[in-house]
Amino acid sequence: MREIRFDRFGGPEVLTLHTDAPVPEPAPGEVLVQVSHVGLNPLDYKIRDGSSGRAKDLALPAGTGREMAGVVIGAGSDLDEAELGSRGLTVGTRVFGMRGPSDSRGTAAEVVALDADDLAPVPGEIPDEDLPRWAGLALVGLTAIATVQDAAELREGQTVLVHGGSGGVGQLLIPLAREAGAAHVWATGRAANAERIRELGAEPIPYDTGDWAREIERLTDGRGVDLVLDTHYHQTFLPSLDVIADGGRIVALPSLADLSPARERGIDARIPGIVASRERLDHLVQGVRSGRLPLEVSKVLPLGEIAEAHRLLEEGHTRGKLVLDARA
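Read in order, the letters of the sequence shown correspond to residues 483 to 810 in the numbering used here.
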């Protein structure tokens, strides 16, 4: 089978397509999936270049990718037909999901084995042409849920600023914040993506045509916001500390974010921890089916164009999700 691997840390060029990779054997508790599409995330290139904490103990050569969508084709010896049926994961079922935090294997391959608890069925009414969106849903969706529900502890009536409102996670943070009862949501993004941010339920603040921090000060009459959800961090974390209201909080999504500047000023700062569970995957399913979580896919590339996909990821201007087609 075909699989993307890298044997050293570095730029996108270290990613290579192997055509003779062995088909994995599902371990107990695992489901074997024929992959149709692979969702890509900034975490992928940070692992590839060695800058992520997840790269520290990674054995090379290694695969890449954390999430995918596909069709169940088998299972471990302990998962019989009855057990798979009780989970809705019988052979032939279309599924989506992501590798748990402790699983360092990739998903950019034609066949993968994943823990059954990290998968959920794609609803039957979803057409196959919509599978790219489901391939990119699990990681950003679970990240967004962990950010809003766990780390942010968002309360009804609070005001929120989302950095990166048109990105993969940002497109889910906005509706989840509204769902949690936020009184007002502002979101930074490029001016070209302002209408998309409005569609999601936030008021856009273009960062490429003005000073977003000054605009927040103006919009809140100098009070600031109760909560900042920062998907960017590097250019936005420190300036955000100046627009947080007394008693407010900032949640930075990068796992290696340095929170000390906020804490030194007495500001509550947190990093979300992803909780992978069937319950939360099912919550994402309900959100997509109802239209409350309208995640957008910006581009679908063939599996062999993984290096180009990583270059686009690193540019940081992708609207919505980048996805690989594992069949192409």
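All C-beta atoms in this analysis are idealised placements derived from N, C-alpha and C, irrespective of residue type, glycine included.
Bear in mind the structure is a predicted one, so any value in this text is a computation, not a measurement.
Buried versus exposed, by CB contacts within 10 Å (16 or more), residue i
| i | result |
| --- | --- |
| Glu-512 | buried |
| Asp-560 | exposed |
| Val-573 | exposed |
| Lys-538 | exposed |
| Thr-641 | buried |
| Pro-543 | exposed |
| His-817 | Outside the modelled stretch of the chain, which goes from 483 to 810, sits residue 817, for which no answer is possible. |
| Asp-712 | buried |
| Leu-720 | exposed |
| Gly-773 | exposed |
| Gly-748 | exposed |
| Gly-769 | buried |
| Arg-700 | exposed |
Chain-order list of residues whose beta-carbon lies under 7 Å from that of residue i (same chain, five-residue window excluded)
| i | result |
| --- | --- |
| Ala-727 | Arg-705, Gly-706, Val-707, Asp-708 |
| Leu-596 | Glu-512, Val-513, Val-515, Gly-579, Arg-581 |
| Arg-660 | Val-667, Gly-683 |
| Arg-587 | Gly-545, Arg-581 |
| Ala-676 | Pro-686, Pro-688 |
| Thr-718 | His-645, Asp-712 |
Option in the options with minimal Cα separation from residue i
| i | options | result |
| --- | --- | --- |
| Leu-763 | Arg-536, Gly-582, Asp-600, Leu-738 | Asp-600 |
| Pro-609 | Arg-771, Thr-501, Gly-786 | Arg-771 |
| Gly-582 | Leu-643, Asp-632, Ala-620 | Ala-620 |
| Arg-809 | Gly-798, Arg-801, Ala-564, Gly-786 | Gly-786 |
| Leu-682 | His-666, Leu-720, Gly-532 | His-666 |
| Thr-800 | Gly-671, Glu-638, Leu-624 | Gly-671 |
| Ser-722 | Pro-736, Ala-744, Ala-684 | Ala-744 |
| Ala-669 | Phe-719, Leu-643, Pro-603 | Leu-643 |
| Glu-778 | Ala-791, Glu-797, Lys-803 | Lys-803 |
| Pro-686 | Gly-652, Leu-658, Asp-703, Phe-719 | Gly-652 |
| Leu-540 | Gly-556, Phe-488, Asp-693, Arg-680 | Phe-488 |
| Gly-570 | Leu-613, Arg-760, Ile-627 | Arg-760 |
| Gly-798 | Ile-756, Gln-768, His-714 | His-714 |
| Val-767 | Asp-502, Pro-603, Thr-718, Ser-534 | Pro-603 |
| Ile-679 | Gly-649, Asp-703, Ala-503 | Gly-649 |
| Ala-598 | Ile-555, Leu-636, Arg-615 | Ile-555 |
| Ile-756 | Gly-729, Arg-615, Ser-584, Ala-695 | Ser-584 |
heavy atom of the ligand FMN below 6 Å from residue i C-beta
| i | result |
| --- | --- |
| Leu-794 | As presented, the structure is devoid of all ligands, the ligand FMN included, so that no description of it is given. |
Beta-carbon gap between residue i and residue j smaller than 7 Å
| i | j | result |
| --- | --- | --- |
| Gly-647 | Ile-656 | yes |
| Leu-522 | Leu-795 | yes |
| His-500 | Val-805 | no |
| Pro-524 | Thr-629 | no |
| Pro-776 | Asp-807 | no |
| Val-725 | Ile-698 | yes |
| Ala-758 | Leu-566 | no |
| Glu-638 | Gly-663 | yes |
| Ala-673 | Asp-693 | no |
| Arg-536 | Val-553 | no |
| Leu-613 | Ala-551 | yes |
7 Å Cβ cutoff, residue i in contact with chain C
| i | result |
| --- | --- |
| Val-767 | In the structure shown, chain C cannot be found, because there is only a single protein chain. |
Rounded distance between the beta-carbons of residue j and residue i, thought under 8 Å
| i | j | result |
| --- | --- | --- |
| Ala-591 | Val-517 | 6 Å |
| Val-710 | Val-593 | Incorrect: roughly 41 Å between the Cβ atoms, too far for contact. |
| Arg-484 | Ala-503 | 7 Å |
Contacts around residue i, its chain only, beta-carbon distance under 8 Å, and the 5 residues preceding and following it disregarded
| i | result |
| --- | --- |
| Ile-788 | Ile-486, Pro-494, Leu-497, Leu-499, Thr-546, Ala-590, Leu-806 |
| Glu-549 | Val-520, Gly-521, Asn-523, Phe-578, Gly-579, Met-580, Arg-581, Thr-589, Ala-617, Gly-618, Leu-619, Ala-620, Leu-621 |
| Arg-752 | Ala-633, Ala-634, Arg-731, Ile-732, Val-733, Ala-734, Leu-741 |
| Asp-526 | Thr-546, Gly-547, Arg-548, His-792, Leu-795 |
| Ser-780 | Thr-800, Arg-801, Gly-802, Lys-803, Leu-804 |
| Ser-534 | Leu-525, Lys-528, Ser-737, Leu-738 |
Spatial neighbours of residue i in its chain, beta-carbon cut-off 6 Å, leaving aside the 5 residues before and after
| i | result |
| --- | --- |
| Ala-509 | Gly-558 |
| Gly-532 | Phe-491 |
| Leu-658 | Ala-626, Val-630 |
| Pro-736 | Tyr-715 |
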